[in-house]
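> Taken in sequence, the protein lines are chains A and B. Letter by letter, the first sequence follows residues 1 to 684 of my numbering. Letter by letter, the second sequence follows residues 685 to 1368 of my numbering. Glycine residues also receive a C-beta, built at the ideal position from the N, C-alpha and C atoms. Predicted, not measured: the structure shown is a model, and the values here were computed from it.
There are 2 protein chains.
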Amino acid sequence: MHLNRTSFMLWKDVQITGGFWKKRQETNERVTLPAEYEQCVKTGRIESVKCLYHPEEDRHPRKGVFTIDGVLAENLADEKENGEKAVPRPHHYWDSDLAKWIEAASYSLAAHPDQGLEKQIDEIVDDFEKLQMEDGYLNTYYTVVEPGQRWTNVYTMHELYCAGHLMEAACAYYQATGKKKFLEIICRYADCIDRTFGIEDGKIHGYPGHQEIELALVKLYRVTGEKRYLNLARYFIDERGKQPSFFEEEALAHGRDPEEEGPKGILGKSFLPAGPYALFQAHLPVREQKTAEGHAVRVAYMGCAMADLVAETGDESLWNACVVLWKNVTQKRMYLTGGIGAKDGSERFSFDYHLPNESAYQETCASVGMTMWAARMLQIKPDSVYADIMERALYNSVISGVSLAGDTFFYANHLAAKPEMFSDAIITNPRMFPRRQKWFAVSCCPMNLARLLESVGGYIYSESETEFFVHLFIDSVTETVKENTRIQICQETQYPWDNKTRLIVTAQKPVYTSIAVRDPAFSRNTKVLVDGKEAEASLENGYLYLRRMWEGRTEIIVEFEMEPMYVEAHPCVRMDAGKTAIQYGPLIYCLEEADNGPNLSTVFADTAQKLTVKYEPDLLGGVCVVEGKALRACTEDWEGMLYRPIGSRFEEMTFRAVPYYAWSNREPGEMTVWINRVHTRTEE
Amino acid sequence: MHLNRTSFMLWKDVQITGGFWKKRQETNERVTLPAEYEQCVKTGRIESVKCLYHPEEDRHPRKGVFTIDGVLAENLADEKENGEKAVPRPHHYWDSDLAKWIEAASYSLAAHPDQGLEKQIDEIVDDFEKLQMEDGYLNTYYTVVEPGQRWTNVYTMHELYCAGHLMEAACAYYQATGKKKFLEIICRYADCIDRTFGIEDGKIHGYPGHQEIELALVKLYRVTGEKRYLNLARYFIDERGKQPSFFEEEALAHGRDPEEEGPKGILGKSFLPAGPYALFQAHLPVREQKTAEGHAVRVAYMGCAMADLVAETGDESLWNACVVLWKNVTQKRMYLTGGIGAKDGSERFSFDYHLPNESAYQETCASVGMTMWAARMLQIKPDSVYADIMERALYNSVISGVSLAGDTFFYANHLAAKPEMFSDAIITNPRMFPRRQKWFAVSCCPMNLARLLESVGGYIYSESETEFFVHLFIDSVTETVKENTRIQICQETQYPWDNKTRLIVTAQKPVYTSIAVRDPAFSRNTKVLVDGKEAEASLENGYLYLRRMWEGRTEIIVEFEMEPMYVEAHPCVRMDAGKTAIQYGPLIYCLEEADNGPNLSTVFADTAQKLTVKYEPDLLGGVCVVEGKALRACTEDWEGMLYRPIGSRFEEMTFRAVPYYAWSNREPGEMTVWINRVHTRTEE
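(1) Is there a C-beta anywhere in chain B that falls below 7 Å from the one on glycine 268/A?
(2) Applying the 10 Å Cβ sphere with the 16-neighbour rule, what's the burial state of valine 981/B?
(3) Compare the C-beta of asparagine 1283/B against all C-beta atoms of chain A and say whether one is closer than 7 Å.
(4) So for glycine 1022/B, helix, strand or coil by DSSP?
(5) Which residues mark the beginning and the end of the alpha helix (DSSP H) in which phenylalanine 236/A is found?
(6) So if I threshold CB-CB distances at 8 Å, which residues from the region 660-679 of chain A count as touching chain B?
(7) Give the residues from the region 1013-1024 of chain B that approach chain A closer than 8 Å (Cβ to any Cβ), ordered along the chain.
(8) Take alanine 170/A and list the residues in its own chain whose beta-carbon comes closer than 6 Å to its own, dropping the five residues that flank it on each side.
(9) Does any CB atom of chain B fall closer than 7 Å to the CB of arginine 649/A?
(10) Hey, quick one: how far does the beta strand (DSSP E) through threonine 1318/B stretch, first residue to last?
(11) Cβ of leucine 1088/B within 7 Å of Cβ of alanine 1044/B?
(12) Which residues bound the beta strand (DSSP E) around glutamine 488/A?
(13) Classify valine 481/A: buried if its beta carbon has 16 or more other beta carbons within 10 angstroms, exposed otherwise.
(14) So which residues on chain A does threonine 1264/B lean against when the C-beta distance must stay under 7 Å?
(15) Are the region 1045-1052 of chain B and the region 1064-1072 of chain B in contact at 8 Å, needing three or more beta carbon pairs?
(16) Under a three-way DSSP split, which group does cysteine 590/A fall into?
(17) Is the distance from the Cβ of asparagine 1234/B to the Cβ of valine 1195/B below 7 Å?
(18) Tell me, please, whether the CB atom of tryptophan 1322/B is closer than 7 Å to any CB atom in chain A?
(19) Using a Cβ cut-off of 7 Å (strictly closer), state whether alanine 635/B contacts chain A.
(20) Using CA atoms only, rank isn't needed, just tell me which of Thr17/A, Thr27/A, Ala535/A, Ser443/A is closest to histidine 91/A.
(21) Report the residue from Thr1296/B, Arg1232/B, Tyr1250/B whose alpha carbon sits nearest the alpha carbon of threonine 647/A.
(22) Ignore the nearest five residues each way along the sequence and tell me which others in methionine 1074/B's own chain have a CB closer than 6 Å to its CB.
(23) Tell me whether isoleucine 102/A is buried or exposed, calling it buried when 16 or more other Cβ atoms sit within 10 Å of its Cβ.
(24) Do the region 659-668 of chain A and the region 608-626 of chain A touch if we need at least three Cβ pairs shorter than 8 Å?
(25) Would alanine 989/B and valine 983/B be called neighbours here (beta carbons separated by less than 7 Å)?
(26) Secondary structure at leucine 76/A, three-state DSSP: helix, strand or coil?
(27) Within 10 Å of its beta-carbon, does threonine 43/A have 16 or more other beta-carbons around it, so buried, or fewer, so exposed?
(28) Based on the DSSP secondary-structure assignment, which residues constitute the bridge partners of glutamate 479/A?
(29) Measure the alpha-carbon distance for aspartate 1203/B versus valine 1214/B and round it to whole angstroms.
(30) Short of 8 Å in beta carbon distance, which residues of its chain neighbour threonine 1338/B, apart from the five on each side in sequence? Order them along the chain.
(31) Taking glutamate 168/A as the reference, give the member of Met641/A, Met447/A, Leu600/A, Met334/A with the closest Cα.
(32) Among the residues of its own chain, which have a CB less than 8 Å from the CB of aspartate 798/B, if the five just before and after it don't count?
(33) Inspect the CB distances between the region 485-502 of chain A and the region 29-38 of chain A and report whether three or more fall short of 8 Å.
(34) Quick check on glutamate 391/A - is its C-beta less than 7 Å from some C-beta in chain B?
(35) Mind checking methionine 679/B: buried by the 16 CB within 10 Å criterion, or exposed?
(36) Please report the distance separating the alpha-carbon of isoleucine 921/B from that of serine 691/B.
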């Protein structure tokens, strides 16, 4: 097998110059990042690293700084979820929140230097430095709340997960600013972890309960060149799921009953068909896992690390394992919108084809994870099956996670909403509430989204020595060097509101290389024009390859067939059987009550009639709306009946669909992605 | 307003002579009642009244008799639900289980004297007598587990609920055997309750957390003639939901925080839109309740009591309140199968038109309650809207609660099953498991079903002074007296497998009276033949009235139009929109995997083609199966896709539907009541 390794252009080497994503990034920088920082202040996250170090007690952090008063107490209500009492002390995942915010802010800094923002980061970094132990250990929770207990509950306490996010943040901040301090702090911590975990005698033979550090270690390896970070990542992946179970051994070693604590106790022994450790993908070694089980974000992050390791090591068995999991996810367990995780409660995958809409969990973080995973698969094998799903997640389930205004967020992204359905969720489970919220006690999603939005430039282009790939259609500029020749690639497009993109390729001197442009799955007839003339491009794995000598300025125009279309789900997805959804380019659409009135279940799309599309500059920040013909079931003639012999009367109507990502930005109301159909069988 | 009061013929005055219900009753007597008694022994329910009285400590019951060993310990596993530890001591609802079993057994005794069975009852009665306190108080839990705490938690502890079931049991046993002892014990208890609760100073101004005693008090009044029982029932109903809240006052009086205990604490303050006390129908006075809120069984029992009080008092405002609740239930919150309660967890009603199928709760007890409520509405106003729903519940959601063999039970009755869906329910919530179980820790349903099955004769006929009503079509014999003349009514029918019933009316001497036969809603053309000749019968409120002089033997044949038909749900029931279900006579049908293979979501009924019906004597105890034409979506041509542009291929198929009540009596598999349709619009 040929593992064709390519690399994405680094985010800071790609400038987003306008259009759809520029607007999202501007909102992210102007609104989201400051709002998130403010929440970190209000909830004590910033304070958790700032105040805890007590200067007179040198490296003996103060305990109990977080009393229920002042600015912290004020926001305790925000921290309540599921009726739990808020804990006015650093939570065991708070480090990861700060890290993801630093990472997002770093991406922003690279494009837009901002001294105030840089100072905010530097202050946190300074505090991290003070918190760091002599041996490099760096974790707020275990330094403050449970000193002396480090590495005793790697299973559930997110210690290695937080470390991973700190690594990603440090890499980003170093790459953005060139400042080394944070990176050095984090390398000391990575070295400490490397001395602690591994195959050697005297080390802990274990792996994290929540994957993240594995992909972060590969990143750290790539930035520093330190091979031991790569090896440690490989160790964590290879060790995962081996018998006897590390999770059980760890519990026993520290006096916990594995039957009672963790998911075994919480969820019941048979909760997951593959056993309780499947929630953590630790039921089997990764190469033996045939289906994507358990917590969706964990699976995606694990997939990222596995692909990264394949890229670095060429490990074929690991690549095969990646592909098996990827296929199970994307062919049987993924929402139309590219998101994953059908089950709330444990935020996990359900069984094949079980994809409920109103109760869809589809966590924002999991869609971020799908984007990252897809990109990593794509680096190994440039095949549009990966890029199509990367794009699908990005344009739909990722950005649905944040409001157009940028200040409220979805944790769960439902595919249908009936407001009465989760009316109590704001009390019992705010993550499921079908209206974006300012914050969540578990705030992974807003942070994760911010860092992805800010680094989207890093997902547009990749290259090998002899090829340059265009995966996404985003206004941007980048440069590559082929055969010692600089080539500038400048992309201009109105996509996704228009069906073409224009690439200006400017070669410093004549150079032979391949430029391969993705031919998206939705387009069944894509044209390529080079300098105005239709060009022969060879289609390989969903990419249109232009292999030629590039000289001076060349204009490539790629034109997709991009009509709004009705799509259907595999008939075993019983929630969607007999229904249809609307896709236009990469965008999935939905019906909202704001456009179509209430009781969306009474709308039956007439799929025999054509859909039309229209750009509405003043609607939802400027979107294409899609209109179609439908029949609406009359409700007036039921006269108090609830059931009757078939024979409904219908009225003709025109429905209006808006992009899914933009839903819930107007008045609250119903929404549905999947629409009933007048006829199930496609009309000839 | 005219409150036309009629009364049902007492169950013991109607002999079921054959056919559909005779078979069910025989299984009930031969298998179900002994199996339930056995479970009461195994789980300690019988022991709880037998052993607890310690003869040497005169009326000081022993505590702690129920240790985890011997026969009790053996069955603790059966008692575990939701991960709770089994409690090896009488539970606060165990008295009601014994009472319902006695009630069921009593109905059986009337028709089939059985000394062994009578002895079993007498022994329990003897034990109850010993348990009874000097002042008449009789409750095992508060006598044994929490002595001295009686009437301190009427809100949640089912004390009055158990009392109600004891009253119903005592009435039934007295009516069946003529023995007065149990009735006298229970009257002493009722008197004790009457001295304790009421409007007068010094009494508790309160009402039960779980309705039941209200309807039981009316029954006790009817059997004994003691008006104070009727008045107490009226007091409980009138007091319910008044402000300030009795539930809160009771909690405060006994040192409990109303915000933390009971549903307020458990479910969160805003769990129910109408507030936490709506779970108990105590959010508003009953006459101000406009929608059926909260726990479904409680609503049905409350409806029964309200109707009973209307029957006894002619209270028009109470009748209006009954009708308002009834309409909300039957027009917006009832399953096609006549059951109620869409939400698991709190076993409650959801919002209008919210009727999920796979997660339908539709508790068996709630369907029993619907039958009882419908009958009581019918006593006041002979209108087939009530009888149709009584019949719908009886033939569908009531008897689906027990297997054809009679030894396993459903607590929740789903309207669709996908085995993977609740694979973990056997651990986390056995009540939701889509396969009948031998027993439940909370065993209300098996007992409730047994008593209804055994008393079904009491739901066939009712009468006023001048009218005799035939509500159900069941082989049976009864007698009435009109104008001092005895009239025997003998009904012979193959219903529901045949479309007619034959009534032989034999008048001792010529007598003028009305015989009114229900014209069921499913029949759009019902014929009445009297002595072989088509007769003019006037149709009033869904009843065909034959007003005439009856002389000697008269044969009435009523012939329904009874074809299998496709039905639909109100289009606001979004789970059923675009789907259809099959009804044949009173029976709702379903597709099972056993007949149609897996992936029932791939089946699309072609409603333009006729359904056919065929009696299969060897299938499921003898049923009519319904067959229809459908298209089945191909799954072979998807080639790893999960979504694609519309254009599914279909294959023609013939599906086979079986009565819903009979599902899950073969190998486990999928089931669905609601079926996808090829065309939503009915073909002209």
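Let me spell this out:
(1) Because the pLDDT of glycine 268/A is 45, which lies under 50, any placement of that residue in the model is unreliable, and the number read from its coordinates should be weighed accordingly. It does: the Cβ of glycine 268/A has a partner Cβ on chain B nearer than 7 Å.
(2) Counting other Cβ atoms within 10 Å of its Cβ, valine 981/B reaches 16 or more and is therefore classed as buried.
(3) So, interface residue.
(4) The answer is coil: DSSP assigns glycine 1022/B none of H, G, I, E or B.
(5) Residue range 227-239 is occupied by the alpha helix (DSSP H) that includes phenylalanine 236/A.
(6) So the close ones are Asn676, Arg677, Val678, His679.
(7) Result list: Thr1014, Gln1015, Lys1016, Met1018, Leu1020.
(8) Once the five neighbours on either side are set aside, the close Cβ partners of alanine 170/A are Phe182, Leu183, Ile186.
(9) Not one chain B Cβ lies under 7 Å of arginine 649/A.
(10) Reading off the sequence, residue 1318/B comes out as cysteine, not threonine. First-last for cysteine 1318/B: undefined, no H or E at that position.
(11) No, the Cβ-Cβ distance between leucine 1088/B and alanine 1044/B is not below 7 Å.
(12) Where glutamine 488/A is concerned, the enclosing beta strand (DSSP E) stretches over 485-493.
(13) With fewer than 16 other Cβ atoms within 10 Å, it is exposed.
(14) Ile646, listed in chain order.
(15) Flag = no, the region 1045-1052 of chain B and the region 1064-1072 of chain B do not touch.
(16) Note: cysteine 590/A maps to strand in three-state DSSP.
(17) Residue identity differs from the one stated: residue 1234/B is tryptophan in this sequence, not asparagine. In contact: tryptophan 1234/B and valine 1195/B (Cβ atoms closer than 7 Å).
(18) Look at tryptophan 1322/B: its C-beta is under 7 Å from a C-beta on chain A.
(19) Residue 635/B lies beyond the range of chain B shown here (685 to 1368); nothing can be said about it.
(20) Ranked by how close their Cα comes to the Cα of histidine 91/A, the residues Thr17/A, Thr27/A, Ala535/A, Ser443/A have Ser443/A in first place.
(21) Going by the sequence as given, residue 647/A is glycine instead of threonine. Ranking Thr1296/B, Arg1232/B, Tyr1250/B by Cα distance to glycine 647/A puts Tyr1250/B first.
(22) Within the same chain, methionine 1074/B has close Cβ partners Thr1055, Ala1058, Ala1059.
(23) Isoleucine 102/A is buried by the Cβ-count criterion.
(24) Counting Cβ pairs under 8 Å, three or more are found: they touch.
(25) Judged by their CB atoms, alanine 989/B and valine 983/B are not nearer to each other than the 7 Å cut-off.
(26) Because the pLDDT at leucine 76/A is just 36, under 50, the model does not fix this residue reliably, and the point stays unresolved.
(27) Classification of threonine 43/A: buried, given that the 10 Å Cβ count is 16 or more.
(28) Answer is Gln488/A.
(29) Rounded to whole angstroms, aspartate 1203/B to valine 1214/B spans 16 Å at the Cα level.
(30) Residues Glu1311, Gly1312, Lys1313, Ala1314 of the same chain have their beta carbon placed closer than 8 Å to that of threonine 1338/B, with the five preceding and five following residues left out of the count.
(31) Distances from the CA of glutamate 168/A to each of Met641/A, Met447/A, Leu600/A, Met334/A were compared; the closest alpha carbon is that of Met447/A.
(32) Counting only Cβ-Cβ distances below 8 Å, and skipping sequence neighbours, we find Ser792.
(33) The region 485-502 of chain A vs the region 29-38 of chain A: no contact.
(34) Closer than 7 Å: no.
(35) With chain B represented from 685 up to 1368, any question about residue 679/B goes unanswered, as that position is not in the structure.
(36) If you draw a straight line from the Cα of isoleucine 921/B to the Cα of serine 691/B, it is about 22 Å long.
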